[in-house]
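K.L.:
2 protein chains.
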Amino acid sequence: MIPSENRLAEEYGVALATMRMALKQLVDEGLLDRRRGTGTFVKQPAFRADLFRFFHVHDVDDSDIPVIPESRILNCQEVPLPPEVQKAFGADSARHCIKLERVRLWSGEPMLFEEVYLRLPDFEELLSLNLKAVGPLLYPVFLEKFGILISSATDELSFGIATEISAKQLELAPEAPVAVIQRIARNPAGRVIEFRRVHGRPERFRYRVTLGDQPA
Amino acid sequence: MIPSENRLAEEYGVALATMRMALKQLVDEGLLDRRRGTGTFVKQPAFRADLFRFFHVHDVDDSDIPVIPESRILNCQEVPLPPEVQKAFGADSARHCIKLERVRLWSGEPMLFEEVYLRLPDFEELLSLNLKAVGPLLYPVFLEKFGILISSATDELSFGIATEISAKQLELAPEAPVAVIQRIARNPAGRVIEFRRVHGRPERFRYRVTLGDQPA
DNA sequence: TAAGTCTAGTTCTCTAGAGAACTGGTTGAC
DNA sequence: GTCAACCAGTTCTCTAGAGAACTAGACTTA
């Protein structure tokens, strides 16, 4: 909770109405939350997990409840920056990064194989973290352990063929067709935080997204 | 252009500041545009074409200029409402709808085959329209000819196999694998305006989307 | 004609404050 | 102990207005 508009206006030497306008702006930006009769609170930036979760698997009965697949982390190590990741991270990037490999399963069956590239030194501590304790969603971990908020991402979907490792992890024949998702995720300042390449089993693959102004 | 805040406040019998707040709200909602020293204008609801254009084909040199594929309309007729379209349109729908079939080409090669379902009687006039004159983008036509604005859409991507007609139009073997996009498009009130099913040639298929708050 | 100046009209930012609406806690009556 | 009434503190909505910033067009001048 922050001081009342009265106190703040006095403290900063501006009129009450001016302070109100400033506070309203911060509310519009989603940084503050005001409750009449109670006070003004800093809003913790709760990112919309549903926005960033592709692979909206729906239950067989077609209910609208998305299921979060189980997650199995295979690997997490420091690697030299691959060129396409370099391109996404930009010129100010370090020469190494973290590469995290994991498989996501649904009803026990492997559905997605993910290669996640993360900036160093930002995510240095991830190497010493207990990966067993990491839940199925990465972005909440980024926020809680590293204070890094993912607020936007660009996905690009296409078709391709499985690599040696993705074929093995997805239990597919070598060079089988797969869905390919490439994601670039950013913090609110627009800095690229993560580069991700995902291979998915094609036959049950689904990607759902809503564009534009969500109707109320 | 609408009257000045001074005149409006007088006319409606409210204080100037109150009218200003009201106007600001309308600006925030994207309905008005105010220019200092000039006046206040109603903003025509220019929908973001780039938001709704899947198949962001990029040039071979990987420049970021999206290319709009050429469009060839095959068919436009009244048909009974298929069940999945009925489900999307909801209970208040008529028993018939318009079905529009078209192929979209890039560099002369067919890339997408689209089946577009539109509400009747809203789009009645489309049947008598000269389809040759319709440009490659449908939504601007909806806005200009019918006054219907598409403001949001939900896309669902998956994999499937070509139908008889889509295989023919895409010059693929029967039952070849294709990319499937299903779209439900809505007006600002949330009413479903369009149901669309698209088949795409998989090998050059790309779907790009940005989620969350776009960085400035 | 061309360029600069002026002016009425507009929006933008800020001040100063009154009263309503609402909340959470305290007090008092039973 | 329980419930109602009260109260201080908060945000919300609205009023009334001054002065700055800016624009488009009219006017003047070379």
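Heads up: the protein sequence lines correspond to chains A and B, in order. Sequential numbering of the first sequence, starting at 1, is according to the working numbering. Sequential numbering of the second sequence, starting at 1001, is according to the working numbering. Backbone N, C-alpha and C fix where the C-beta goes; we use that ideal spot for every residue, glycine too. Every value quoted in this text rests on a predicted model; they were computed, and no experiment measured them.
Quick one: grab the DSSP three-state call for I1165(B).
P.N.:
Of the three classes helix, strand and coil, the one that applies to I1165(B) here is helix, per DSSP.
K.L.:
Given a limit of 8 Å on CB to CB distance, which residues of the segment 1141-1161 of chain B reach chain A?
P.N.:
Against chain A - using a Cβ distance shorter than 8 Å - the residues of the segment 1141-1161 of chain B are I1150, S1151, S1152, A1153, T1154, D1155, E1156, L1157, S1158, F1159.
K.L.:
Measure how close the beta-carbons of E5(A) and L23(A) come, nearest whole angstrom, since I'm counting them as under 8 Å.
P.N.:
6 Å between Cβ atoms; contact.
K.L.:
8 Å is my cut-off, CB to CB: does A9(A) come that close to chain B?
P.N.:
With 8 Å as the cut-off, A9(A) does not count as an interface residue toward chain B.
K.L.:
In its own chain, which residues sit with a C-beta less than 6 Å from the C-beta of E1070(B), not counting the 5 before and 5 after it?
P.N.:
Cβ neighbours of E1070(B) beyond the five flanking positions: L1105.
K.L.:
Within the same chain, show all residues whose beta-carbon is closer than 6 Å to that of L1170(B), passing over the 5 residues directly before and after it, in chain order.
P.N.:
Closer than 6 Å at the Cβ level, and outside the excluded window around L1170(B), lie P1110, F1113, R1201.
K.L.:
Measuring straight from C-alpha to C-alpha, what distance separates T154(A) and D1092(B)?
P.N.:
Taking the straight line joining both Cα atoms gives about 36 Å.
K.L.:
Is it buried or exposed, S107(A), if we count other Cβ atoms within 10 angstroms and call 16 or more buried?
P.N.:
S107(A) is exposed by the Cβ-count criterion.
K.L.:
Does the segment 1141-1158 of chain B come into contact with the segment 1177-1185 of chain B, if we say contact requires no fewer than three beta-carbon pairs (one atom in each stretch) closer than 8 Å?
P.N.:
Touching, yes, given that three or more Cβ pairs across the two stretches are closer than 8 Å.
K.L.:
Report whether the distance from the Cβ of L74(A) to the nearest heavy atom of the ligand ZN is below 7 Å.
P.N.:
By its list of ligands, the structure shown contains no ligand whatsoever, and the ligand ZN lies outside what it can speak to.
K.L.:
How do the segment 187-200 of chain A and the segment 1012-1020 of chain B stand: do at least 3 beta-carbon pairs fall below 8 Å, yes or no?
P.N.:
No, the segment 187-200 of chain A does not touch the segment 1012-1020 of chain B.
K.L.:
Of all the residues that make up the segment 164-198 of chain A, which are near chain B by a beta-carbon distance shorter than 8 Å?
P.N.:
Going along the segment 164-198 of chain A in chain order, one finds P177, A179, R186, P188, A189, G190 with a Cβ nearer than 8 Å to chain B.
K.L.:
From I1002(B), R1020(B), R1048(B), pick the residue whose C-alpha is nearest to that of I1150(B); which is it?
P.N.:
Among I1002(B), R1020(B), R1048(B), the Cα nearest to that of I1150(B) belongs to R1048(B).
K.L.:
Could you list which residues in chain A have their beta carbon closer than 7 Å to that of L1026(B), in chain order?
P.N.:
Here the premise fails: no neighbours, minimum Cβ distance about 14 Å.
K.L.:
Pull up the DSSP beta-bridge partners for T1040(B), would you.
P.N.:
According to DSSP, which records beta bridges pairwise, T1040(B) is partnered with I1002(B), R1034(B).
K.L.:
Name, in chain order, the residues that DSSP records as bridge partners for E1114(B).
P.N.:
E1114(B) pairs with R1102(B), V1198(B).
K.L.:
On a CA-only basis, which of K1168(B), G1039(B), H1096(B), Y1207(B) is nearest M1001(B)? Give me that one, please.
P.N.:
Nearest C-alpha to M1001(B): G1039(B).
K.L.:
Assess contact between the segment 71-87 of chain A and the segment 128-137 of chain A, defined as three or more Cβ pairs (one per stretch) separated by less than 8 Å. Is contact present?
P.N.:
Cβ pair count under 8 Å is three or more, so yes.
K.L.:
Pull the bridge partners of L1211(B) from the DSSP assignment, please.
P.N.:
According to DSSP, L1211(B) bridges with A153(A).
K.L.:
In chain A, which residues lie with their C-beta within 7 Å of the C-beta of P1202(B)?
P.N.:
The answer, in chain order, is F159.
K.L.:
Helix, strand or coil: which one does DSSP assign to S71(A)?
P.N.:
S71(A): strand per DSSP, three-state reduction.
K.L.:
First and last residue of the alpha helix (DSSP H) that includes V1027(B)?
P.N.:
V1027(B) -> alpha helix (DSSP H) spans 1016-1028.
K.L.:
Roughly how many angstroms lie between the CA atoms of G1090(B) and V1192(B), to the nearest whole one?
P.N.:
Cα to Cα, G1090(B) sits roughly 8 Å from V1192(B).
K.L.:
What residues from the segment 1026-1043 of chain B come within 7 Å of chain A, judged by C-beta to C-beta, listed N to C?
P.N.:
Per Cβ criterion, the list is empty.
K.L.:
Tell me whether V85(A) is buried or exposed, calling it buried when 16 or more other Cβ atoms sit within 10 Å of its Cβ.
P.N.:
With 16 or more other Cβ atoms within 10 Å, it is buried.
K.L.:
Note the first and the last residue of the continuous alpha helix (DSSP H) segment covering V1085(B).
P.N.:
1083-1089 is the span of the alpha helix (DSSP H), which, as asked, contains V1085(B).
K.L.:
Answer yes or no: do V209(A) and V1209(B) have a C-beta to C-beta separation smaller than 8 Å?
P.N.:
Result yes, Cβ atoms of V209(A) and V1209(B) sit closer than 8 Å.
K.L.:
Rounding to the nearest angstrom, what Cα-Cα distance links E124(A) and L1118(B) in this structure?
P.N.:
Those two C-alpha atoms are separated by around 53 Å.
K.L.:
Can you tell me the Cα-Cα spacing of V116(A) and V134(A), whole angstroms?
P.N.:
Their backbone Cα atoms lie some 14 Å apart in a straight line.
K.L.:
Check this for me: beta carbons of Y1139(B) and F1052(B), under 8 Å apart or not?
P.N.:
Contact flag set, yes.
K.L.:
How would you write the range of the alpha helix (DSSP H) that V141(A) sits in, first residue to last?
P.N.:
Note, V141(A): alpha helix (DSSP H), 139-146.
K.L.:
Skipping 5 residues on each side, what residues in its chain have a beta carbon closer than 6 Å to that of S152(A)?
P.N.:
Closer than 6 Å at Cβ, skipping near neighbours: R186.
K.L.:
On the criterion of 16 or more Cβ atoms from any shown chain inside 10 Å, does V60(A) qualify as buried, or is it exposed?
P.N.:
Because V60(A) sits at a pLDDT of 46, beneath the cut-off of 50, its placement in the model cannot be relied upon, and the following sentence gives the value as read from the coordinates. Flag for V60(A) reads exposed.
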